[in-house]
Amino acid sequence: MDDVLTKEQGKSLLQLARQTIAGRLNSGLETTDVTDAAFDVEYGTFVTLKIKGALRGCIGNLLPNESVAAGIKRNAISAAFHDSRFSPLTGAEFEDVKIDISVLNQPQTLEYKDGADLISKLRPGVDGVTLRLSGAGATFLPQVWDQLPAPELFMNHLCRKAGLVESAWKDSHPEIEIYQVQCFEEEKA
2 MDDVLTKEQG KSLLQLARQT IAGRLNSGLE TTDVTDAAFD VEYGTFVTLK
52 IKGALRGCIG NLLPNESVAA GIKRNAISAA FHDSRFSPLT GAEFEDVKID
102 ISVLNQPQTL EYKDGADLIS KLRPGVDGVT LRLSGAGATF LPQVWDQLPA
152 PELFMNHLCR KAGLVESAWK DSHPEIEIYQ VQCFEEEKA
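Just so you know, we're using my numbering here: the sequence shown kicks off at 2 and counts up by one.
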């Protein structure tokens with residue numbers, strides 16, 4: 002994905018995410034809004050929280066249905082307090098949280114013949130992947146390739162995340178979409 006935001010704009014969005022979570026932790030105090038026209042553009046966004054390298058929350062939207070700033074604020078709150086995999090973030094944990102944000106391009110359907118063709122078309126470290134089959138679905142951001150670098154393993158885990166058998170990606174021809182992100186991460190918590 003071509004860079005749509007500068008490094009400085011990314012830092013501003015990271016600050017917005019941190020301030021939004023801090024505001025909720027501190028009796029619902031409101032955060033200051035960012036004033037950059039680039040943040041008014043609509044893109045899909047994800048906010049990921051980690052503590053000591055371990056996932057602590059990750060929520061986002063694939064489609065561009067709100068401004069970048071609004072998406073970062075909403076997804077920061079959701080990742081911190083509404084990710085069903087975790088209990089709500091506490092003030093003590095917040096001290097150790099490292100925030101990553103991702104700005105997504107428009108997902109594109111990936112046409113493929115079979116499992117081997119699918120694997121050959123995926124670009125590890127570049128493509129985020131969304132899988133849908135029989136009402137089930139899941140996505141992995143491109144950053145997940147860091148933990149699951151083998152395409153077969155990546156797809157097995159994506160199927161498991163969707164609640165499907167691991168081999169569904171090669172046996173059942175699910176709908177696959179790919180997308181790319183521009184990622185910004187805090188240097189340290």
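We put the beta carbon where it would ideally sit given N, CA and C, even for glycine.
Since this is a predicted model, take the numbers as computed values, not measurements.
When burial is assigned at 16 or more other CB atoms within 10 Å of the CB, is residue i buried or exposed?
{"i": "VAL166", "result": "exposed"}
{"i": "PRO143", "result": "buried"}
{"i": "VAL127", "result": "exposed"}
{"i": "ALA38", "result": "exposed"}
{"i": "SER13", "result": "buried"}
{"i": "GLY198", "result": "Because residue 198 is not part of the residues shown, which for the chain are 2 to 190, the question remains open."}
{"i": "ASP147", "result": "exposed"}
{"i": "ASN157", "result": "buried"}
{"i": "ASP84", "result": "buried"}
Identify the residues that DSSP records as bridge partners of residue i: which are they?
{"i": "LYS51", "result": "LEU56, LYS99"}
{"i": "GLU186", "result": "ASP101"}
Considering only residues of the same chain and omitting the five flanking positions on each side of residue i, which have a CB-CB separation below 7 angstroms?
{"i": "PHE82", "result": "ARG25, PRO89, LEU90"}
{"i": "GLU178", "result": "PRO108, GLN109, THR110, LEU111, THR131"}
{"i": "VAL42", "result": "SER68, VAL69"}
{"i": "ALA18", "result": "VAL48, ILE73, ALA77, ILE100, ILE102"}
Ordered along the chain, which non-local residues of its own chain (more than five positions away) have a Cβ less than 6 angstroms from that of residue i?
{"i": "GLY54", "result": "none"}
{"i": "LYS162", "result": "ALA139"}
{"i": "GLY61", "result": "THR46, PHE47, ASN76"}
{"i": "GLU176", "result": "ARG133"}
{"i": "LEU63", "result": "GLY45, PRO108"}
Is residue i a contact residue of the ligand GDP, with contact defined as CB to any heavy atom under 7 angstroms?
{"i": "LYS12", "result": "Ligands in the displayed structure: none, and consequently the ligand GDP is not present."}
Can you give me the Cβ contacts of residue i inside the same chain, cut-off strictly under 8 angstroms, excluding the 5 residues immediately before and after it?
{"i": "GLN181", "result": "MET2, LEU105, ASN106, VAL127, ASP128, GLY129, PRO143"}
{"i": "TYR44", "result": "VAL5, PRO65, VAL69, GLY72, VAL104, LEU105, ASN106"}
Kindly provide the ranges of any beta strand (DSSP E) runs that are 3 or more residues long and lie completely inside the stretch 133-178, ordered along the chain.
-> 137-141
Would you say the stretch 166-177 touches the stretch 91-106, given that touching needs at least three Cβ pairs under 8 angstroms?
-> no
Contact the stretch 111-119 vs the stretch 168-188: 3+ CB pairs below 8 angstroms | yes
Report yes or no: do three or more beta-carbon pairs, one from the stretch 144-157 and one from the stretch 62-76, lie closer than 8 angstroms?
-> no
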